[in-house]
Amino acid sequence: MAGASLNDEEPITDINITPLVDVCLVLVIIFMVTAPMFSEPALKVDLPSAHTKEGEEKDKITLTLSKDGQYALDYEKFPSAEAMTAHLKEKLAESESKLVILRADKDADYGPLTDLMARAKDAGARSMTIATEQAK
34 MAGASLNDEE
44 PITDINITPL
54 VDVCLVLVII
64 FMVTAPMFSE
74 PALKVDLPSA
84 HTKEGEEKDK
94 ITLTLSKDGQ
104 YALDYEKFPS
114 AEAMTAHLKE
124 KLAESESKLV
134 ILRADKDADY
144 GPLTDLMARA
154 KDAGARSMTI
164 ATEQAK
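The structure is reproduced here in structure tokens:
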């Protein structure tokens, strides 16, 4: 017969990389699906509009207040302002610019917003800005 026999004396030197490629592609797909979840804020708020220019991207800390009184620090929700304050102090201690961006829903009450500003100042914020949407 002209075909190779099953009992050849040569060892198998090729490595099957198909399973490795399969695992890598699955990991890429998982990261592509989950990546947008990490870039969205913890709370959805309807920001007020203003005629301002875009700010610079700096070392920033974002405090969010929803219209129903929920609080968030960057991408983490908190049940109350008191619970958020300790985490805010830690983040401000690590921050160089000590910039706090306040994202408050345009229908949110001013009382909790002013309390949030006072807490940020007491925690060590040097500057604060209020996030708005570009007016059309």
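Residue numbers (the working numbering): 34 to 169.
For each residue, glycine too, the CB sits at the ideal point set by N, CA and C.
Source: prediction; values computed, not measured.
key: 7 angstroms Cβ shell around L125 - same chain, five flanking residues per side excluded   = I94, K131, A156, G157 and A158
key: Classification of A119 by the beta-carbon crowding that lies within 10 angstroms, buried from 16 upward   = A119 comes out exposed.
query = In chain order, what residues of the same chain have a beta carbon less than 8 angstroms from the beta carbon of E129, not counting five sequence neighbours either side?
reply = The answer, listed in chain order, is D92.
ask   = In whole angstroms, what separates the C-alpha of A141 from that of L58?
value = 44 angstroms
inquiry  = Between the alpha carbons of I163 and T51, how many angstroms are there, rounded?
reply    = 52 angstroms
query = Any heavy atom of the ligand GDP within a distance shorter than 7 angstroms of the CB on T97?
reply = Here there are no bound small molecules, and the ligand GDP is not part of this structure.
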